[in-house]
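Read the structure below first, then the notes.
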Amino acid sequence: MIRKTTNQREEEILRELARVGGSCRVSALARQLGVTNETIRRNVRTLEDRNIVRKVHGGVHLVEDILEPTLENRLTREVDAKTRIARAVAGTISDGDSLFLDIGSTTAYVALALQSHSNLFVATNSVFVAQTLATRNNNKVFMAGGELRSHDGGAFGAEAHDFIRRLNVRFAVFSVGAVNAEQGFLLHDMQEANLADLAMDRAQVRVVVADGEKLGKRAPITMQRQERIDLMFTDTPPSAAISAMLDDKEIELVVAEG
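According to the working numbering, the stretch in the sequence shown is residues 16 to 273, in order.
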């Protein structure tokens, strides 16, 4: 059973392992992250307990690829599925609606599907979303402040959190990294998880989007406050176990099949 990543150090270890190809010596991880070998070993033990990494003599390696590629790469994967999901989501949003869109690749496709809408009030922490919907059809687009991450153009941190706390929108749309029956909705990034937790409170309708590739998969961070989610859009009918999880959380399922 996968629990959320318990601290920022664990996430740094996972990202460094992914950067170097999935395997690394403990001493090299310690040097790269500027901590002691014992700090690495302690965090590796908790990750190994959740079957995310495996400790070998003098080193550690990922059990499987659980980290996301860059946004640019993700935009080229499952294009048809994400397009169908995005069109279905856009069909529930009317001209003049207010919404928050996060940094995910499926959410980016939602932004593309909304390009014919007008008079939208759009809040986002995604450069891609802002560029897609700004200066179009009398939309008002507001971008979170703070430093932009190089791998996805996302704004996070204290300034982004202050921005989110000031919102009161009708819809909030979140991409997730994985959906399974045991943990529900999961993410690959602690910053995204923290921001999503805040945004849950600032919308009337909370929407999760996930293509069929993510169903039954896992990711290291559990999305909190899942009981507040109202709708899940996907392109593939989920398993009975996932359907039961959605029913238990009273989340309406929309399958945008081809």
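Where is the CB? At the ideal position from N, CA and C, for every residue including glycine. Being a predicted model, the structure only gives us computed values, none of them experimental.
Shown here, residue 249 sits in a strand according to DSSP, grouped into three states. Within the same chain, 125, 248 come within 6 Å of residue 104 by CB-CB distance, once the 5 residues on both sides are set aside.
In the displayed model, residue 200 falls within a strand according to three-state DSSP. No Cβ-Cβ contact shorter than 8 Å links residue 217 with residue 191. By the neighbour-count criterion, in which a residue is buried when 16 or more other Cβ atoms sit within 10 angstroms of its Cβ, residue 219 is exposed. Each residue's CA atom was taken as its position, placing residue 212 and residue 237 some 11 Å apart.
Where residue 176 is concerned, the enclosing alpha helix (DSSP H) starts and stops at 173-180. Remark: C-beta atoms of residue 170 and residue 159 approach each other more closely than 8 Å. Note that the region 27-47 touches the region 66-78; at least 3 beta-carbon pairs, one per stretch, sit closer than 8 Å. In this structure, the CA atom of residue 270 is about 24 Å from the CA atom of residue 214.
Judged by their CB atoms, residue 134 and residue 154 are nearer to each other than the 8 Å cut-off.
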